[in-house]
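A.B. asks: Pasting a structure here, questions to come.
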Amino acid sequence: MPKSQVSQSNVPSKVQQQSAGLEQDEVELTDVKTEKFMPKRFHFSSTPVVKDDTHQTCFPKYLKDMNIESTVQNIKTKGRPLVIMTDDIEMDKGGFPQHNVKFHGPSNNSNKRANFDIPRNKSSEHLFTFIEAVDKLLNDEVNKKENKNGLLSWQDKSKKDCPIEKPSYINTIQTTKPPKKKLGEEASEKKEFVPWQKINVKLNKQYVKGKDSSEGGLSTLIYYGENEEPEETPNITDVEKHFGYGCTAKFIISFTRVHIDKNENTARFSLKCLQINVTKKPNFKKATSIQLNRNMFSKKKPVVEVEVEVNQEDKDDEEDEGEDEGEDNHDEGDKEEEDEGEEDNQDKDKKETQKEETQEEEDEEEEEETQEEVVVVVPPKKTPVKNVPKKEVQKKTVVKKT
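Here the sequence shown is numbered in this note's numbering, starting from 37 and rising by one per residue.
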């Protein structure tokens with residue numbers, strides 16, 4: 037597979053503005069397939085305990101070089117951060133949460149909204165198969181074996197790894213839960229709830245020490261089709277103009293870290309989306325002026341638009357969802373089940389997310405994975421890597437360690 041050396045030269049101005057201050061790294065695209073993921077070549081590096089931090093952090097490492105023996109020490113010292121490159125995934129559910137003042141604050145551009153759900157369906161099975169293997173490894177080692185083998189550990193003053201005592205791992209793949217019945221609501225008034233599986237992925241953010249990171253600073257690259265130039269998407273509302281429910285896209289997703297909550301002693305992965313390539317966008321009914329907001333004279337092949345039907349029942353459901361306090365509503369479409377099904381757990385999940393985001397900002401300054409080669413795991417079906425020039429690429433979202 038080709039190897040791309042990242043450079044700061046000849047980077048488009050818009051990318052320079054979004055990626056200022058980020059390290060440059062080397063990216064190697066490997067032909068490692070998801071069905072060949074080897075748990076024995078996967079481990080975590082530890083970090084020292086910081087007294088006032090609410091979370092302990094462990095960084096995942098994957099040893100791709102088959103010529104190196106897969107010992108724990110080799111994986112920790114010679115392994116690389118793990119990144120997944122997906123094939124086309126249809127966003128028939130999920131998407132970004134709609135703005136909710138209770139959880140996101142007054143601004144629609146709050147970075148607390150900078151996360152989205154990817155649904156499990158036929159098109160995303162390769163991604164979920166891979167993540168299931170990771171979940172299985174942590175369930176076996178952490179939950180069943182009580183972390184006795186030290187998969188998750190902390191570092192003492194002598195830099196010795198010490199196993200975290202009996203943490204509880206929370207699966208990355210989650211299943212939506214049935215909605216809470218409202219007072220006075222008849223069972224027949226709501227359609228049958230059908231649970232579905234999902235993963236939650238955060239957009240990448242550029243942290244600047246001393247600067248407010250509650251809005252803007254998003255560094256996930258958004259591409260359309262074959263375009264080599266990314267869209268301008270510094271804010272969540274900018275991202276929503278190009279990507280969301282109803283479209284089809286490819287993703288580059290990084291397993292950035294595992295957070296262990298010191299109070300609850302629970303461990304969970306933080307996944308970040310480094311790049312999105314939109315290959316099919318939804319074609320919702322729009323005003324003429326909005327439909328003509330792109331170059332109609334261009335001879336370049338446009339991104340395919342997909343018809344997405346939104347009937348009155350779906351719209352009514354969405355309005356009902358917006359009235360449910362504590363719900364995290366999403367984009368257009370049939371999304372009542374996913375939002376209402378999580379109502380009972382919103383407060384806890386939101387608080388957990390906020391604590392993780394605060395901890396991540398602190399981790400940015402201490403993270404060890406700078407100037408490292410990144411392992412990119414591709415899905416079973418080999419597809420050409422788009423938007424990454426052969427000679428030089430923008431480091432910003434493909435290789436940033438967060």
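C-beta: ideal position from N, C-alpha, C; glycine also.
When the Cα of Lys129 is compared with those of Asn157, Phe139, Asp88, which residue comes out closest?
C.D. replies: Position 93 of the sequence shown holds residue 129. Minimum Cα distance to Lys129 is reached at Asn157.
A.B. asks: So what does DSSP say about Phe152, is it helix, strand or coil?
C.D. replies: Locating residue 152 in the sequence shown gives position 116, where the first residue counts as 1. Strand.
A.B. asks: Measuring only the C-alpha atoms, how far is Ser146 from Gln191?
C.D. replies: Start at 1 with the first residue of the sequence shown, and residue 146 comes out as number 110. Start at 1 with the first residue of the sequence shown, and residue 191 comes out as number 155. Computed Cα separation, rounded: 34 angstroms.
A.B. asks: Leaving aside the five residues before and after Arg293 along the sequence, list all residues of the same chain whose C-beta is less than 6 angstroms from its C-beta, in chain order.
C.D. replies: Position 257 of the sequence shown, counted from the start, is the residue given in the question as residue 293. Only Thr93, Phe95, Ser306 meet the Cβ criterion.
A.B. asks: Could you check which residue in Ser290, Lys238, Ile258, Phe287 has the C-alpha nearest to that of Asn151?
C.D. replies: As a first step, residue 151 must be located in the sequence shown, where it is residue number 115. Looking at the Cα atoms, Lys238 is the closest of the given residues.
A.B. asks: Measure the alpha-carbon distance for Val86 versus Asn236 and round it to whole angstroms.
C.D. replies: Your numbering for residue 86 matches position 50 in the sequence shown. Your numbering for residue 236 matches position 200 in the sequence shown. Answer to the nearest angstrom: the Cα atoms are 27 angstroms apart.
A.B. asks: Measuring only the C-alpha atoms, how far is Lys195 from Val314?
C.D. replies: As a working note, residue 195 is residue 159 in the sequence shown. As a working note, residue 314 is residue 278 in the sequence shown. If you take the alpha carbons of Lys195 and Val314, they lie about 44 angstroms apart.
A.B. asks: When we look at the beta-carbon of Pro84 and count the other beta-carbons within 10 Å, is it buried (16 or more) or exposed?
C.D. replies: As a first step, residue 84 must be located in the sequence shown, where it is residue number 48. Per the 10 Å Cβ criterion, exposed.
A.B. asks: To which residues of the same chain is Ile104 closer than 7 angstroms at the C-beta, ignoring the five residues directly before and after it?
C.D. replies: Counted from its first residue, the sequence shown places residue 104 at position 68. Contacts found: Asn110, Lys114.
A.B. asks: Using only the alpha-carbon positions, how far apart do Val119 and Phe73 sit?
C.D. replies: Position 83 of the sequence shown, counted from the start, is the residue given in the question as residue 119. Position 37 of the sequence shown, counted from the start, is the residue given in the question as residue 73. Going by the C-alpha atoms only, they are around 12 angstroms apart.
A.B. asks: In terms of residue numbering, what span does the beta strand (DSSP E) encompassing Leu310 cover?
C.D. replies: As a first step, residue 310 is located in the sequence shown; it is residue number 274 there, counting from the start. First-last of the beta strand (DSSP E) with Leu310: 302-318.
A.B. asks: Do Lys100 and Asp153 have their beta-carbon atoms positioned less than 7 angstroms apart in this structure?
C.D. replies: Taking the sequence shown and counting its residues from 1, the one referred to as residue 153 is at position 117. Taking the sequence shown and counting its residues from 1, the one referred to as residue 100 is at position 64. No, these two residues do not count as a Cβ contact at 7 angstroms.
A.B. asks: Where does Cys309 land, buried or exposed, given buried means 16+ other C-beta within 10 angstroms?
C.D. replies: The count along the sequence shown starts at 1 and reaches residue 309 at position 273. That one is buried.
A.B. asks: Counting along the chain, where does the beta strand (DSSP E) carrying Val119 start and finish?
C.D. replies: Taking the sequence shown and counting its residues from 1, the one referred to as residue 119 is at position 83. Val119 -> beta strand (DSSP E) spans 118-121.
A.B. asks: Roughly how many angstroms separate the alpha carbons of Ile206 and Asn263, rounded to a whole number?
C.D. replies: Here residue 206 refers to the residue found at position 170 when the sequence shown is read from its first residue. Here residue 263 refers to the residue found at position 227 when the sequence shown is read from its first residue. About 38 angstroms.
A.B. asks: What three-state label does DSSP hand Asp297 in the structure shown?
C.D. replies: Translated into the one-based positions of the sequence shown, residue 297 becomes position 261. DSSP places Asp297 in strand when its eight states are reduced to three.
A.B. asks: Identify whether Leu163 lies in helix, strand or coil by the three-state DSSP scheme.
C.D. replies: Here residue 163 corresponds to residue number 127 of the sequence shown, with the count starting at 1. It is helical.
A.B. asks: Would you mind stating whether Pro266 and Ile258 have Cβ atoms separated by less than 7 angstroms?
C.D. replies: Here the question's residue 266 lines up with position 230 in the sequence shown. Here the question's residue 258 lines up with position 222 in the sequence shown. Contact: yes.
A.B. asks: List the DSSP bridge partners of His91.
C.D. replies: In the sequence shown, the residue the question calls residue 91 occupies position 55. According to DSSP, His91 bridges with Asp297.
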